[in-house]
Amino acid sequence: MGWLAALIGLDNVARGRHVPAMSNDQNAWFPDANGHNPVRAARSASAAPSLPRRFYKEASVVEKDGGFVLTLDGRPARTPAKAPLALPNRHAGEAVAGEWAAQGNEINPATMPMTKLVNSGIDGVARMRDDVVDEIVRYAGSDLLCYRAGEPPRLVRRQAEAWDPVLDWAREDLGARFFLAEGVMFIEQPSSALDAVRREVAAVRDPIALAALSTITSLTGSSLLAVAVARGRLTPAQAWAAAHLDEDFQMEVWGLDDDALERRAKRWGEMEAAATLLRLIHSA
């Protein structure tokens, strides 16, 4: 997920890592010092790679200061950097609360991709917005859809069928005309095309939505696919299939790769969460 992957998230707790932003504050997530505290769970996890136990009964959202804050047993939750864990609208907030409500006896961060995105958006993207926009635009400079196979004919045809409509849409709706290259030889794209993508990406003002867009970009290897999902031009599943067209073709030829399919399934969960969060934020 680019530099966003380096941000502190719930996965640090699950893997037994020290969480610097939370280590010295017993109220890192809750202002109320009474009751259970996830910081203690994080410290316990640092001694052994075990999952923290669930410390709450109910997850919900409350409207406060213009946002919708996740609450656990009525106490407002916070990000690893101790900011309020707030979403821009109730639909997005309830989706995140649903991840917390769905936890069993232990909290498994691997099943909470929306929460990790929210943490990244609030703690990272909000402070480094320009860097994130630049990163997404850089993908457009070497976008997956612009690099084509020369053979075999079946693959050439499939790439054209899946990718050309997205490039046509980008040209007609975004004003971004991209050049195509055969093979892996780099081709410089017109500055006008990159500027058009930048305008589209920069229009995403919410930092959580921008974190989601960055995630979709890095998972697919294409800022054009990411923008197409954000605009509703493609469904997440359509963009995912387009991004894995080459890999699917190779497995048709050489056989299934179980390890690759397992990794892809995990990444699809992240993709689906990012696209869902993006849609919910923009539905307000």
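Residue numbers (the numbering used here): 13 to 296.
Glycine included, C-beta positions come from ideal geometry on N, C-alpha and C.
From a predicted model like this one, the values you see are computed outputs, not experimental measurements.
| Query | Result |
| --- | --- |
| Ser-234 - partner residues in DSSP beta bridges | Paired residues: none, contrary to the question. |
| For Lys-69: DSSP bridge partner residues | Answer is none; Lys-69 lacks a bridge partner. |
| Own chain residues within Cβ distance below 6 Å of Asp-23, not counting five before or after | Unreliable placement is indicated for Asp-23, whose pLDDT of 43 sits below 50; the coordinate value is still reported in the next sentence. For Asp-23, where only same-chain residues beyond five positions count, the Cβ hits under 6 Å are Pro-121. |
| Length-filtered (4 minimum) alpha helix (DSSP H) runs lying within the region 139–209 | 141–153 and 165–181 |
| Beta-carbon proximity of Ser-228 to Met-283, cut-off 8 Å | Per the sequence shown, the amino acid found at residue 228 is Ile instead of Ser. Yes; because the gap between Cβ atoms is below 8 Å, this pair is in contact. |
| Integer-rounded CB distance, given that Gly-281 should sit under 8 Å from Ala-255 | Not confirmed; about 15 Å, so no contact. |
| Helix, strand or coil at Arg-276 [DSSP, three-state] | helix |
| Met-197 burial status per 10 Å Cβ neighbour count (16 or more: buried) | exposed |
| Beta carbon of Ile-148 nearer than 8 Å to that of Ala-221 | no |
| For Lys-278, the nearest candidate out of Ser-62, Pro-125 and Arg-169 (CA to CA) | Pro-125 |
| Contacting residues, own chain, Cβ-Cβ under 8 Å from Val-241 (five flanking each side not counted) | Ile-228, Thr-247, Pro-248, Ala-251, Ala-287 and Leu-290 |
| Gly-79: first and last residue of the uninterrupted beta strand (DSSP E) it sits in | 79–84 |
| Cβ pair Glu-212, Val-168 closer than 8 Å | no |
| Sufficient close CB pairs (3 or more, under 8 Å) joining the region 94–112 to the region 68–80 | yes |
| Sheet register partners of Ala-98 (DSSP bridge) | Val-81 |
| Beta-carbon gap between Leu-257 and Gln-201 smaller than 8 Å | no |
| Where Val-74 sits in the DSSP three-state scheme | strand |
| Rounded straight-line distance, which links the Cα of Asn-117 to that of Pro-64 | 9 Å |
| Residue range of the alpha helix (DSSP H) that includes Asp-260 | 257–266 |
| For Pro-88: DSSP bridge partner residues | Thr-83 |
| Validate contact between the region 126–133 and the region 88–100 using beta carbons, cut 8 Å, 3 pairs | yes |
| Burial state of Ala-285, where buried means 16 or more other Cβ atoms lie within 10 Å | buried |
| CB of Ala-223 within 8 Å of CB of Val-137, strictly | yes |
| Residue environment, Leu-231, which counts as buried when at least 16 other CB atoms sit within 10 Å | buried |
| Local Cβ density within 10 Å of Phe-190, reported as buried at 16 or more and exposed below that | buried |
| Terminal residues of the alpha helix (DSSP H) in which Asn-131 lies | 125–132 |
| Reference Ser-295, options Asp-260, Arg-243 and Ala-272, closest by Cα | Arg-243 |
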